[in-house]
Amino acid sequence: MIVRHIENDLKEALKQNARRHGLSMEEEVRQILRRAVNEEPAKLSGLGLGSRIAERFADVGLNAPLPEWHGQTIEPVGFDV
């Protein structure tokens, strides 16, 4: 595979990333492509951003009752002096 017309700054950034990871530039690009392709099905799963965030942090343990979830409005804090 040949990719043409890559900007010089992008090419330099790829070289620096490869050097930092101890890889050849070719292997760095392979890994980037592999990650991009493997993550794509997750994006197409039909889950929206909020659902994906909730799924990611489901095990954090937020169990506090939030009145907003039950349609209750919260009064703002008053700073009257």
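The opening residue of the sequence shown carries number 981 in my numbering; numbering runs sequentially from there. The C-beta atom is built at its ideal place from N, Cα and C for all residues, glycine as well. These numbers come from a predicted model, not from an experiment.
CA-to-CA, the gap between VAL1057 and LEU1013 works out to about 49 Å. Across the structure, GLU987 and ALA1034 are spaced so that their CA atoms are roughly 37 Å apart. For ALA1044, no alpha helix (DSSP H) run applies, since DSSP gives it neither H nor E. For the 9 Å CB-CB criterion, GLU1007 and ALA998 form a contact.
Collapsing the DSSP output to three states places ARG984 in coil. For MET981, the closest C-alpha among the options VAL1009, GLY1002, GLY1030, ASP989 is that of VAL1009.
The Cβ atoms of GLN1011 and LEU1003 lie closer than 9 Å to each other.
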